[in-house]
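Working notes for the structure below.
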Amino acid sequence: MALGCLPGLAAAVALVLCAYGVERAAGSAGTASAARAEPAFQAPRPPIVPRAVWLGDGAREQPPPRYDDEVVAVFIHHTDSPGAYDCADSPGIIKGLYEGQTVGRDWDDLGYNFVVDRCGTIYEGRAGGTDRAVTGAHTQGFNHRTTGIAALGTFTEGAVVPSEMLEAIAALAAWKLGTSGTDPRAEVRLVSSNGGSRYAAGTTATLHAVAGHSDGFMTSCPGAALKARLPDIRTLAARIQGRDSTEQAMRKESDASPPDTPNEAERHTERRAHP
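First residue of the sequence shown: 1177, per the numbering used here; consecutive thereafter.
If you want it as structure tokens, here you go:
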């Protein structure tokens, strides 16, 4: 049965939470993995507002952050909170989300790794460092090796998703996926760690590298309007990584090459298949 987003208990902000992904992951992947080659396609780090801006001195005591080896997928959410807000109020709304999850649900921290408002401002969510593979609590069963990006507001069918928000989400996805060399348009294989997800624990699922919350869990999140824009986010994120321009250059170079002799054509085909 598809589930909607459940109400959170925020002290000062009346809103509804959509963060079913709480999962107290066992173990930690904080140990650095073996050195690897620099990924070919990366993207610049977009501006990110630190969590101190919205949290202030309101942090609850919590355990140390947990880490994975890398980020190979991002899950897109909406917070299912009121959408007609002034962007100057975003920090207060995010703090309300934090209180709803940590006080109302007794989670150890905000589940989302990042929150993006309607003006395209990106806020650091869960603690642990924006440049690290922080294990979140956003998509039950698939919190490992992923990043949770929440769009601040409600984006059910008929809602307008601001272009500024889409562009910021794409830039953030391009940057986080670029650290592992993952193409935002690709599919990736993730192992479910919790039978409460769409997949039994231990099952290997093939999902989009830029996926919606509902792809991994039984929920309507991120809302029909935002989910319909995921293909646009994937395409833009790939472009930000420089994949389109590189592929176009390769095609242009191939089209400009002189005709091959039979043996040369065979070798050329092999090079194309194994770049």
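In this text, a Cβ means the ideal position worked out from N, Cα and C, and glycines have one as well.
As the structure is a computational prediction, the values presented were derived from the model and not from experiment.
- For His1384, the enclosing beta strand (DSSP E) covers residues 1380-1384.
- 9 Å or more divides the Cβ of Arg1365 from the Cβ of Ala1414.
- Secondary structure at Arg1365: strand, using DSSP grouped into helix, strand and coil.
- For Thr1278, the enclosing alpha helix (DSSP H) starts and ends at 1266-1278.
- In this structure the stretch 1300-1317 lies against the stretch 1243-1251, because at least three pairs of beta carbons, one per stretch, are closer than 8 Å.
- Inter-residue distance for Trp1230 and Ala1264 is about 11 Å (C-alpha atoms, whole angstroms).
- C-alpha of Glu1333 to C-alpha of Lys1403: approximately 9 Å in a straight line.
- Going by DSSP, Thr1322 is part of the beta strand (DSSP E) stretching over 1322-1327.
- With contacts defined by Cβ atoms closer than 9 Å, Thr1355 and Val1225 do not form a contacting pair.
- Taking the Cβ atoms as the reference, Thr1380 lies roughly 12 Å from Glu1363, outside the contact range of under 8 Å.
- In this structure, Ile1252 and Ile1325 form a Cβ contact; the two beta carbons are roughly 6 Å apart against a cut-off of 8 Å.
- Contact between Met1341 and Arg1294 holds: CB atoms are separated by about 5 Å, below the 8 Å threshold.
- If you check the CB distance, Phe1318 and Phe1393 come in under 9 Å.
- Excluding five sequence positions before and after Gln1218, the CB atoms of its chain that fall closer than 6 Å to its own CB belong to Gly1354, given in chain order.
- The stretch 1285-1334 contains, as complete beta strand (DSSP E) runs of 3+ residues, the segments 1290-1292, 1298-1300, 1322-1327 (chain order).
- Here DSSP, grouped into helix, strand and coil, assigns Ile1345 to helix.
- With fewer than 16 other Cβ atoms from the protein chains shown falling within 10 Å of its own Cβ, Val1336 counts as exposed.
- The C-beta separation of Asp1285 from Arg1302 comes to about 5 Å, placing the pair in contact by the 8 Å criterion.
- Between Ser1339 and Gly1268, the alpha-carbon positions lie close to 23 Å from each other.
- For the pair Asp1408 and Ala1349, the CB atoms are not nearer than the 9 Å cut-off.
- Here Gly1399 is near Thr1330, since their CB atoms are less than 9 Å apart.
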